[in-house]
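> Everything in the sequence shown is counted per the working numbering, starting at -10 for the first residue and increasing by one.
We put the beta carbon where it would ideally sit given N, CA and C, even for glycine.
This structure is a prediction, so every number in the text was calculated from the model and none was measured.
Take this structure first; my questions come after.
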Amino acid sequence: MVIGFIKKSELFRWILLVCLLLSSSCLCNAYTPADNYLIDCGSSSDTTVGNRVFISDSKSSKYLSTSQTILAYTLKSITDSDDSTLYQTARILPGTSKFTFPISTSGRHWIRLYFYPFVYQTYNMTSADFTVSTQNHVLLSGFGVTTNVLKEFSVNVTSATLEIVFSSSKNSFAFVNALEIVSVPDSLITDDANTIDPAGGFQGLSFQALETVARLNMGGPAVSFENDTLGRTWVNDQNFLVESNLATNVSNIAAVNYVAGGATEDSAPSSVYGTCTRMNSENDTTSNFNVTWEFSVDPGFQYLLRLHFCDIVSKSLNLLYFNVYIDSLVAKRNVDLSSDFPTLGAATYNDFVTSSNVGSKLRVSIGPSSLENVNPNAILNGLEIMKMNKSDGSLGGLGSVPNSSSNSKIGVIVGITVGLLIAILFAGGVFMFCRRKRRLARLALSKTWIPLSTTGGTTYSMGSKYSNGTTTTIDSNMVKGSFGYLDPEYFRRQQLTEKSDVYSFGVVLFEVLCARPVIDPTLPREMVNLAEWAMKWQKKGQLDQIIDSTLVGKIRPDSLRKFAETAEKCLADFGVDRPSMGDILWNLEYALQLQEAVQQCDPDENSTNLIELSPQVDNFSQPDNSVSNHFEESIVDDLSGVSMSRVFSQLVKSEGR
Ligand SMILES: *[C@@H]1O[C@H](CO)[C@@H](O)[C@H](O)[C@H]1NC(C)=O
Ligand SMILES: *[C@@H]1O[C@H](CO)[C@@H](O)[C@H](O)[C@H]1NC(C)=O
Ligand SMILES: *[C@@H]1O[C@H](CO)[C@@H](O)[C@H](O)[C@H]1NC(C)=O
Ligand SMILES: *[C@@H]1O[C@H](CO)[C@@H](O)[C@H](O)[C@H]1NC(C)=O
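Set out below in structure tokens:
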């Protein structure tokens, strides 16, 4: 009668196996953007800026087709920052010239163009007048500069090459001092945002070319590109404040918390989230005014505004409520930052798209909420304003997109992209997928890792396969922000560590408990990512609401609590806060003992209280006979030729018969 039981040795084997797999797959390599072209135009030698090397003009000439080679230089140094030397040389580009860059991974890329006009021989660059465009977008038209300027764009490149065309009229010429083409993490800009007038949702950001109009660190010093993971520059907001006496600065960098589902260090560094401009209302609880910033913009375009928030001013949760206005319209009313993330100092941001009838000034305001019994206060930590292209694809006032002649080899690109994604996923120890087995569904949950090998050697796709025969590929799940198993710290540090493995393992623990895929794009948005979803419930102390229905009422609450706490610790935002694998084993064993306790005390419950963990790893060991009754043959057959497929684990909930 008694069949179910917990095999500790099996649990250990299973866990050790996971650890082994994860650690062997940890590449621990420093991150490099997939595409990273840095060119110091006109320069005869490479130029090092911070930790980046801009290659010389001659090394980059293979990317350029132009009618003449005119390399210009000036001895005048224009800024005292590290990138000053980039501005001292330039390429003069008469007529029409084209840079062509092979793109290894499609997705958003920075295009940064450095300009500083000086006089070289007969070329007076202040009189240059030209247009810069890509295959799909006009970036600049009728453009000329009188001072040093860094123009930053980001475009989603889905073709095999990115072409940047400089063209000028017969009597003029184009020039450029330096340029960067650098991959941007997909998660940085998602497809959707909020609209303001009328309030609603905007979709289609993926297709927008964006030009950075402003990037501000509220209440704090400028943050240089060297102190930003994505090479961005943030400037202080003081010059944009309409009435600076109404505002005051706060700095509390230690208070910043990057929480799961919120902003990451790639969204903005802690030097941005850790400072803010707040209402100067401290001594007056009846204050009623707005703090307003004003920006000059080109009318007739839509703008994407990203407002960064992090409550570094409150002593506890639910004290700060405020309103946010964009262009005199309410963007958000009664904002309570602690309602999204019940963690003080959680870094987060909101994206808004304006309507197209923005005038030549764009205003952003924060002010007190209308709620009663709330002290008037309002904060803003950072602000980015990005110009969106018009319906013809243009960001410039005039020109239109030139006819595209690129034969985009989309298949190849997709293949390479998927391959790279998989390499990344693999590096993160991410090859685990679950399969619900129908026959055991009532009582058993089995976890199966299924790397699916597909077409021609270099490309892999990974799927979670269900017994009903549906297969979902993971690449469709990849912007919306998370790689499921992959350590969010990886996105900040671009490094995988042992603690990244711990994170992945924590996700596996939740997966086991909740019996659902780690990423399920068919679910409502807040449920798509298991790690976020589970943590939300765990934080509320109500994880039991979302556990596998077959476990409900059978798993002991204290065992569940221990198990969940262990998983939660694994998902700590910072690697240093995560437990060691040793600690995890210890905790899981403790959870197991708590579960076992009931088995010994209450014989009636015997048959239903049991979690049985057993590895089914042909190469390692054969399961005990007593155990093998309880699980099905795996679907290894589906995966012939993939050695990883022989390695997976099962968590089987047994029941007496
Ligand atoms: C780029 O565009 C493609 C469609 O052309 C889309 O599938 C992809 O998600 C976009 N990437 C980003 C980062 O927006
Ligand atoms: C980067 O940040 C550190 C610490 O805030 C600061 O000391 C350093 O000057 C910054 N570097 C640059 C180039 O701004
Ligand atoms: C703040 O600005 C908004 C938009 O311009 C306006 O409607 C609101 O009345 C202002 N609030 C205060 C207190 O001035
Ligand atoms: C920007 O250009 C894309 C084509 O590249 C187009 O689909 C989109 O509608 C344009 N955006 C706006 C706001 O018109």
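1) I'd like to know whether the C-beta atoms of Ile669 and Ile100 end up nearer to each other than 8 Å.
2) On a CA-only basis, which of Thr237, Leu139, Val239 and Ser143 is nearest Ser195? Give me that one, please.
3) Which residues are close to ligand 4, meaning CB closer than 7 Å to any heavy atom, in chain order?
4) Leaving aside the five residues before and after Leu205 along the sequence, list all residues of the same chain whose C-beta is less than 8 Å from its C-beta, in chain order.
5) For a quick check, are the C-beta atoms of Phe155 and Ser54 less than 8 Å apart?
6) For Val491, which of Leu475, Ser548 and His98 has the nearest alpha-carbon?
7) Can you grab the Cα-Cα spacing for the pair Thr136 / Leu485, in whole Å?
8) Report the option in Thr218, Gln291 and Asn238 whose CA atom is closest to the CA atom of Asp255.
9) Would DSSP call Lys376 helix, strand or coil?
10) Pull up the CB-CB distance for Gly571 and Lys488, whole angstroms please, since I reckon it's below 8 Å.
11) Classify Lys140 as helix, strand or coil using the three-state DSSP reduction.
12) Would you decide whether Ser603 is buried or exposed? Buried here means 16 or more other CB atoms lie within 10 Å of its CB.
13) Can you check DSSP and say which residues form a bridge with Gln192?
14) Within a Cβ cutoff of 6 Å, which residues of the same chain sit near Glu200, ignoring the five residues on either side of it in sequence?
15) Are the beta-carbon atoms belonging to Thr123 and Ala252 less than 8 Å from one another?
16) Helix, strand or coil, according to DSSP, for Cys299 in the structure here?
17) Of all the options Val496, Gln192 and Leu82, which has the alpha carbon lying nearest to the alpha carbon of Gln158?
18) What would DSSP say about Thr264, mapped onto helix, strand or coil?
19) By alpha-carbon positions, which one of Ala335, Val319 and Val231 ends up nearest to Ser672?
20) Under 7 Å from any heavy atom of ligand 3, does the C-beta of Phe278 make it?
21) With Val150 as the anchor, note down where its beta strand (DSSP E) starts and where it stops.
22) Here's the rule I'm using: 16 or more other beta-carbon atoms within 10 Å means buried, otherwise exposed. How should Lys543 be labelled?
23) What residue does the alpha helix (DSSP H) around Lys350 start on, and which one ends it?
24) Does the stretch 492 to 506 come close enough to the stretch 514 to 526 to have 3 or more Cβ pairs within less than 8 Å?
25) Cβ-heavy atom distance between Val342 and ligand 1 below 7 Å?
26) Please tell me whether Val121 and Phe132 are closer than 8 Å, where the distance is taken between their beta carbons.
27) How is Gly661 classed by DSSP in three states: helix, strand or coil?
28) So what's Val517 in DSSP terms, helix, strand or just coil?
29) Check whether the stretch 539 to 555 and the stretch 570 to 584 touch, using three or more Cβ-Cβ pairs below 8 Å as the test.
30) Where does Ile81 fall in DSSP's three states?
31) Which residue from Ala556, Asp562, Pro568 and Asp547 puts its Cα closest to that of Ala586?
32) Phe88 and Tyr52 look like a contact to me (Cβ under 8 Å); what is the Cβ gap, rounded to whole Å?
33) Would you check whether ligand 1 has a heavy atom nearer than 7 Å to the C-beta of Asn145?
34) Is it buried or exposed, Pro187, if we count other Cβ atoms within 10 angstroms and call 16 or more buried?
35) Helix, strand or coil: how does DSSP classify Ser13 here?
36) Can you tell which of Ala561, Ser95 and Ile301 has the C-alpha that lies nearest to the C-alpha of Asp175?
According to the structure data:
1) Because the chain in this structure spans residues -10 to 646, residue 669 falls outside the shown range and cannot be described.
2) Against the sequence shown, residue 195 aligns to sequence position 206. The closest CA to that of Ser195, considering only Thr237, Leu139, Val239 and Ser143, is found on Ser143.
3) Here the residues come out as Asn125, His126, Gly193, Phe196, Gln197, Ala198, Gln291, Met377, Asn378, Lys379, Ser380 and Gly382.
4) Start at 1 with the first residue of the sequence shown, and residue 205 comes out as number 216. Answer for Leu205: Trp223, Val224, Asn225, Asp226, Phe229, Trp282, Gly371, Leu372 and Glu373, listed in chain order.
5) What you label residue 155 is simply residue 166 of the sequence shown in a count that begins at 1. What you label residue 54 is simply residue 65 of the sequence shown in a count that begins at 1. Cβ atoms of Phe155 and Ser54: not closer than 8 Å.
6) In the sequence shown, the residue the question calls residue 491 occupies position 502. Ranking the options by Cα distance to Val491, first place goes to Leu475.
7) Here the question's residue 136 lines up with position 147 in the sequence shown. Here the question's residue 485 lines up with position 496 in the sequence shown. If I take the Cα positions, the gap works out to 42 Å.
8) Within the sequence shown, the letter at position 266 stands for residue 255. Checking every option, the nearest Cα to that of Asp255 belongs to Thr218.
9) Start at 1 with the first residue of the sequence shown, and residue 376 comes out as number 387. DSSP places Lys376 in strand when its eight states are reduced to three.
10) Counting from one through the sequence shown, the residue named residue 571 turns up at place 582. Counting from one through the sequence shown, the residue named residue 488 turns up at place 499. So it is not a contact: roughly 13 Å between Cβ atoms.
11) Residue 140 sits at position 151 when you count from the first residue of the sequence shown. Note: Lys140 maps to strand in three-state DSSP.
12) The count along the sequence shown starts at 1 and reaches residue 603 at position 614. Since pLDDT at Ser603 reaches only 35, below the 50 mark, its modelled position is unreliable, and the value read off the structure follows with that caveat. Under this definition Ser603 is a buried residue.
13) If you number the sequence shown from 1, residue 192 lands on position 203. In DSSP, Gln192 forms a bridge with Asp181.
14) Start at 1 with the first residue of the sequence shown, and residue 200 comes out as number 211. Excluding sequence neighbours, Glu200 sits near Phe142, Lys376 and Leu384.
15) Stepping through the sequence shown from its first residue, residue 123 is reached at position 134. Stepping through the sequence shown from its first residue, residue 252 is reached at position 263. Taking 8 Å as the cut-off, the Cβ atoms of Thr123 and Ala252 do not count as close.
16) Translated into positions along the sequence shown, residue 299 becomes position 310. Coil at Cys299, not helix or strand.
17) Taking the sequence shown and counting its residues from 1, the one referred to as residue 158 is at position 169. The question names Gln, but residue 158 in the sequence shown is Ser. For the set Val496, Gln192 and Leu82, the Cα lying nearest the Cα of Ser158 is the one of Leu82.
18) Counted from its first residue, the sequence shown places residue 264 at position 275. DSSP places Thr264 in strand when its eight states are reduced to three.
19) What the structure shows of the chain is the stretch from -10 to 646, and residue 672 is not part of that stretch, so it cannot be assessed.
20) In the sequence shown, the residue the question calls residue 278 occupies position 289. Distances between the C-beta of Phe278 and the heavy atoms of ligand 3 include at least one below 7 Å.
21) For the purposes of this step, residue 150 is taken as the residue at position 161 of the sequence shown. Here the sequence assigns Thr to residue 150, which means Val is not the residue at that position. Per DSSP, Thr150 belongs to the beta strand (DSSP E) from Thr150 to Ser157.
22) Position 554 of the sequence shown, counted from the first residue, corresponds to residue 543. Burial of Lys543 is indicated by the presence of at least 16 other C-beta atoms within 10 angstroms of its C-beta.
23) As a first step, residue 350 must be located in the sequence shown, where it is residue number 361. Counting along the chain, Lys350 falls outside any alpha helix (DSSP H), though it belongs to the beta strand (DSSP E) covering Lys350 to Pro357.
24) The stretch 514 to 526 and the stretch 492 to 506 touch, with three or more beta-carbon pairs separated by less than 8 Å.
25) In the sequence shown, the residue the question calls residue 342 occupies position 353. A distance criterion of 7 Å places the beta-carbon of Val342 beyond contact range of ligand 1, judged by its closest non-hydrogen atom.
26) Locating residue 121 in the sequence shown gives position 132, where the first residue counts as 1. Locating residue 132 in the sequence shown gives position 143, where the first residue counts as 1. One thing to note: Val121 has its Cβ within 8 Å of the Cβ of Phe132.
27) Here the chain comprises residues numbered -10 to 646, so residue 661 is not present and cannot be evaluated.
28) As a position in the sequence shown, residue 517 is number 528, starting the count at 1. Coil at Val517, not helix or strand.
29) Judged by Cβ distances under 8 Å, the stretch 539 to 555 makes contact with the stretch 570 to 584, as three or more pairs qualify.
30) As a position in the sequence shown, residue 81 is number 92, starting the count at 1. For Ile81, the three-state secondary structure derived from DSSP is strand.
31) Residue 586 sits at position 597 when you count from the first residue of the sequence shown. Comparing C-alpha distances from Ala586 to each of Ala556, Asp562, Pro568 and Asp547 shows the shortest one belongs to Asp547.
32) Reading the sequence shown from its first residue, position 99 is the one you call residue 88. Reading the sequence shown from its first residue, position 63 is the one you call residue 52. With a Cβ gap of about 5 Å, Phe88 and Tyr52 count as contacting.
33) As a first step, residue 145 is located in the sequence shown; it is residue number 156 there, counting from the start. Taking non-hydrogen atoms of ligand 1 into account, the C-beta of Asn145 is found less than 7 Å away from one of them.
34) Taking the first residue of the sequence shown as 1, we reach residue 187 at position 198. Counting the other Cβ atoms within 10 Å of the Cβ of Pro187 gives fewer than 16, which makes it exposed.
35) In the sequence shown, residue 13 corresponds to position 24, counting from 1. Residue placement at Ser13 is poorly supported in this model, since its pLDDT is 38, which falls under 50; the coordinates still yield a value, given next. Under the three-state reduction of DSSP, Ser13 is assigned to helix.
36) Position 186 of the sequence shown holds residue 175. Its Cα nearest to that of Asp175, the residue Ser95 stands out among Ala561, Ser95 and Ile301.
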